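In this note's numbering, the protein residues as written are 5 to 303.
Glycine residues also receive a C-beta, built at the ideal position from the N, C-alpha and C atoms.
Computed from a predicted structure; not experimentally measured.
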Amino acid sequence: MQQPVLRAISLFGISCLVGTVFSGAAVAGQAGDALATSAFSLHSVYPMAATGLVQTSESTTITTRTSSSGWNLSGPYFLRSADPEPVGQIDVRFIYGYATASEKSDTHDFGLEIEWGISEGLGFIFESGVELGNGDVKGNGDITIGFHTKFWDEDGLLPAFAMRNHGRFPTGYHDSSGVDYIGRGLFTWTLMPDKLRLHFNPFLKSINGNLGHDGTHFRWGAAVGFDCRMSDDLLMTLAYKHETSETEGNRNSHSVEWGADWKFASNQKLGLAAELGLDGDDDGSNFEFRISYILIIGG
């Protein structure tokens, strides 16, 4: 399993590097054109100034930006940034998911997510989902409500930090009376301004409903990964995730996930995610695929 993971990480890094080189070349070309135009204009009025033979007392101040302004991650992948939805923007996401595991039936899921940027640094989250083709699954149609709260921005070596807090409420089919809590920390560092960021997402879960015979009440884990803006309308993510088992006495799970977000219209996006299990046994999924259509309202 190590070779595919290393190959995926290498390809992700190469694609980011190529995108950066081409972006830099384009910026350099524009700067060169502007410089040539300025020199021509000076030469036409002050011939000696264009050749550098005349000194002036004027000085120019150049301001460089050392960190990106930040952007949120909204695809069907697990990784999230510290940045919430822009103020006033509502994302409506329709998500289809497929999962396969050893010695278990494949599953097909459909989910609805709505995320709204309430104010600067605060977002509201609504989620619900069903397992397709199996209507008697306990918890089908449960509702999850949460908030994305950003506490501070990135400052030098200090990462931006936010939290996403969710509560799952037993509104679905034959569910128990228990309410689940999921809390996730979101740390974001800028590696290349407006291009490449590093994310660390530790999380914990308190599961009080649908535990089954030997389900784990308290679960924890973490994901670490990158997102890279290939262009203004396309970004990709790559992450490694570690999580405790859903069943008492079983090993922890490990997976690697690739994701993409493509804004193909001013108010519409498509998202993709593929997650590969690294453990090679029947505890957990071996492979998962998700696709989302996102409708953007306001903002």
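Excluding the 5 residues flanking it on each side, W262 has same chain C-beta neighbours closer than 6 Å at L242, A278, in chain order.
Residue environment for K154: buried (at least 16 other C-beta atoms within 10 angstroms of its C-beta). Straight across, the Cα-Cα distance linking I147 with H170 is about 10 Å.
The beta carbons of P88 and G115 sit about 20 Å from each other, so the pair does not count as a contact at 8 Å. Separation of K267 and L77 (C-alpha to C-alpha, rounded to the nearest whole angstrom) is 12 Å. Distance check between R172 and each of G187, G137, Q93 places G187 closest, using alpha-carbon atoms only. For L238, the closest of T248, H221, Q272 by C-alpha to C-alpha distance is Q272.
Around the Cβ of S123, a 10 Å sphere holds fewer than 16 other Cβ atoms; the residue is exposed. As computed with DSSP, R172 is found in a beta bridge with T148, D184. Under the DSSP assignment, N205 falls in the beta strand (DSSP E) whose first and last residues are 200 to 210. Within the same chain, Cβ atoms closer than 7 Å to the Cβ of D285 are found at S106, the five residues on either side in sequence being excluded. For M240, the enclosing beta strand (DSSP E) begins and ends at 238 to 247. Distances from the alpha-carbon of D287 to those of I149, S132, R255 put R255 closest. Remark: C-beta atoms of F191 and F165 approach each other more closely than 7 Å. Here the alpha carbons of L202 and P80 stand approximately 18 Å from one another. Cβ-Cβ separation between D283 and H246: approximately 11 Å, too far for a contact (criterion under 8 Å). For G263, the enclosing beta strand (DSSP E) begins and ends at 257 to 269.
Around the Cβ of H152, a 10 Å sphere holds 16 or more other Cβ atoms; the residue is buried. Each residue's CA atom was taken as its position, placing A226 and G281 some 15 Å apart. A straight-line Cα-Cα distance of about 9 Å links R84 and F204. With 16 or more other CB atoms across the displayed protein chains lying within 10 angstroms of its CB, L200 is buried.
The Cβ neighbour count for K209, taken over all protein chains shown within 10 Å, is at least 16; the residue is labelled buried.
Residue pairing for M196: DSSP places it in a beta bridge opposite L200. A Cβ-Cβ distance of about 6 Å is found for the pair T251 and D218, placing them in contact under the 8 Å criterion.
A distance of 7 Å or more separates the beta carbons of Y100 and I300. Per DSSP, the beta bridge partners of V96 are I118, L299. The alpha-carbon of G74 is positioned some 27 Å away from that of W224. Membership of W75 in any beta strand (DSSP E) is not indicated, and neither H nor E is assigned to it by DSSP.
CA-to-CA, the gap between S109 and P174 works out to about 25 Å.
Around the beta carbon of S132, a 10 Å sphere encloses 16 or more other beta carbons of the protein chains shown; the residue is thus reported as buried. In this structure, I211 sits near D184, with a CB-CB distance shorter than 7 Å. Assignment of Y102 by DSSP, reduced to helix, strand and coil, places it in the strand class.
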